[in-house]
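Take a look at the structure below.
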């Protein structure tokens, strides 16, 4: 009964490189959310996806960031030309539905460090 | 838009009771949730209030007053393992009902 799986757990990139973060939701979940967290801060919403669709990306920077959740395979958060300010923990969560009382199940996160 | 306010830090001793408050402003209200996070690990769901009143789950209870746009998480019989960050969260209509989190309250429990 695997939970939300994120990989890699740690990712080190140099400025200007690309970062790809993967998230496999819980079995049966078709709603995926990406959040960013800086030390001592809260979870900042980035993007909400349902299979093959972006429902809302209002929290995601318009440049360099993109997300997808294909019909098959994990959800991918892609950061192009990374900068030091992108260093953060990126959490993925999934849910069964978008119902108000539906709880989110989180992965253990990917810690991105940009050198 | 939306905003959630909660205290940044709370300290207490083992066995005590602590209340973490949360006030919110949202464009549409769909209930208040609480999540716990230990040392930057995966946040975990604690409780949800869709209607006014108190919800009890073991040592933890959560309260909601929709007229006051206010809720709180009550932790009783505190244990050292309760030391963690606690986040209140609301779903926001403008974010496609994605869950929006407050900045979190760091609870430190000492012996």
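Residue numbers (the numbering used here), protein chains in the order written: chain A, 72 to 186; chain B, 57 to 167. From the three backbone atoms N, C-alpha and C, an ideal C-beta is built for every residue, glycine too.
Cβ contact annotation for residue 157/B (same chain, cutoff 6 Å, sequence separation greater than five): 143 and 145, in chain order. In this structure, residue 162/B sits away from residue 63/B, with a CB-CB distance that is not shorter than 7 Å. Using a Cβ-Cβ cut-off of 7 Å, residue 122/A does not count as an interface residue toward chain B, since no Cβ of chain B sits closer than that to its own. The beta carbon of residue 80/B sits closer than 6 Å to the beta carbons of 60, 125 and 146 from its chain, once the five residues preceding and following it are set aside; these are given in chain order.
Checking the DSSP bridge columns, you'll see residue 72/B has no partner listed.
Per DSSP, residue 162/B is one residue of the beta strand (DSSP E) stretching across 161-166. Contacts between residue 143/B and chain A, judged by CB atoms closer than 9 Å, involve 113 and 114 in chain order. Setting aside the 5 residues that flank it on each side, residue 122/A is surrounded in the same chain by 101, 140 and 142, each with a C-beta closer than 7 Å to its C-beta; the list follows chain order. Note: residue 176/A is bridge-paired with 165/A in the DSSP secondary-structure output. Counting the other CB atoms within 10 Å of its CB gives residue 136/B a total below 16, which places it among the exposed residues. Of all residues in the stretch 167-179 of chain A, only 169, 171, 172, 174, 175, 176, 177, 178 and 179 come within less than 8 Å of chain B when Cβ atoms are compared, listed by chain position. Taking one beta carbon from each stretch, the stretch 97-116 of chain B and the stretch 171-180 of chain A have 3 or more pairs nearer than 8 Å; the two touch. Residue 82/B counts as buried, since no fewer than 16 other beta carbons sit within 10 angstroms of its beta carbon. Beta-bridge partners assigned by DSSP to residue 126/A: none are found.
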